[in-house]
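The sequence shown begins at 1132 in my numbering and counts up by one.
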Amino acid sequence: MSNYEKAVKELAPCGNDCSRCANYEGSKIVLLSKELNENLENFEKMVEKIKEFMPIFNHYEEFLAILRHFSNGNCHGCRFSDKSEHQCSINKCHKKEKVNFCFECSKYPCKPTTYNESLTKIWRENNDTIKKSGIDDFYIALKEKSRY
1132 MSNYEKAVKE
1142 LAPCGNDCSR
1152 CANYEGSKIV
1162 LLSKELNENL
1172 ENFEKMVEKI
1182 KEFMPIFNHY
1192 EEFLAILRHF
1202 SNGNCHGCRF
1212 SDKSEHQCSI
1222 NKCHKKEKVN
1232 FCFECSKYPC
1242 KPTTYNESLT
1252 KIWRENNDTI
1262 KKSGIDDFYI
1272 ALKEKSRY
């Protein structure tokens, strides 16, 4: 699979990396959370014994709630999702314009109607970078930097 094909599979049309999102079904965050959740099975019995001298464990239930939330990531990525929260103006537009990424569109740069100023800036930086350096270089560089 070429980097372009990987990029289409893993990146949203705006250029954000869906594959490393905390809600993406195959992200490390989801997979490691599931593994940790499994490995902590029945640990609450231990918590009862140690929380008296390790008070941090008084918050164990709150920790588990967050861990379970991360474990339940089930998004297929913005491009492939039919969930309403993933149907931003860009996701609809790329389908209408029949392009994989915004920079490929003859109307780029436009103004995403559902993005705030901060998201618009990131969207523009992503697509300007892809247009300048190519999807291969962008994809490789994106994988080397922190998602958040």
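Where is the CB? At the ideal position from N, CA and C, for every residue including glycine.
Checklist entry - Between the C-alpha atoms of Leu1264 and Phe1234, what's the straight-line distance to the nearest angstrom? => result In the sequence shown, residue 1264 corresponds to position 133, counting from 1. In the sequence shown, residue 1234 corresponds to position 103, counting from 1. Contrary to the premise, residue 1264 reads as Ser rather than Leu in this sequence. Distance between the alpha carbons of Ser1264 and Phe1234 is about 12 Å.
Checklist entry - Going by alpha carbons, who is nearest to Glu1166 out of Ser1212, Leu1195, Ser1237 and Arg1278? => result Counting from one through the sequence shown, the residue named residue 1166 turns up at place 35. Residue Leu1195 is the option with its Cα nearest to Glu1166.
Checklist entry - So the alpha helix (DSSP H) Met1177 belongs to, where does it begin and stop? => result As a position in the sequence shown, residue 1177 is number 46, starting the count at 1. Counting along the chain, the alpha helix (DSSP H) containing Met1177 begins and ends at Phe1174 to Ile1181.
Item to check | Cβ pair count under 8 Å reaching 3, the region 1186-1201 against the region 1156-1172 | outcome: yes
Next on the checklist: Please state whether the Cβ-Cβ distance between Asn1257 and Cys1152 is less than 8 Å.
Outcome noted: Locating residue 1257 in the sequence shown gives position 126, where the first residue counts as 1. Locating residue 1152 in the sequence shown gives position 21, where the first residue counts as 1. Going by C-beta atoms, Asn1257 is not nearer than 8 Å to Cys1152.
Checklist entry - What are the partner residues of Tyr1155, as DSSP defines its beta bridges? => result Your numbering for residue 1155 matches position 24 in the sequence shown. Answer is Cys1206, bridged to Tyr1155.
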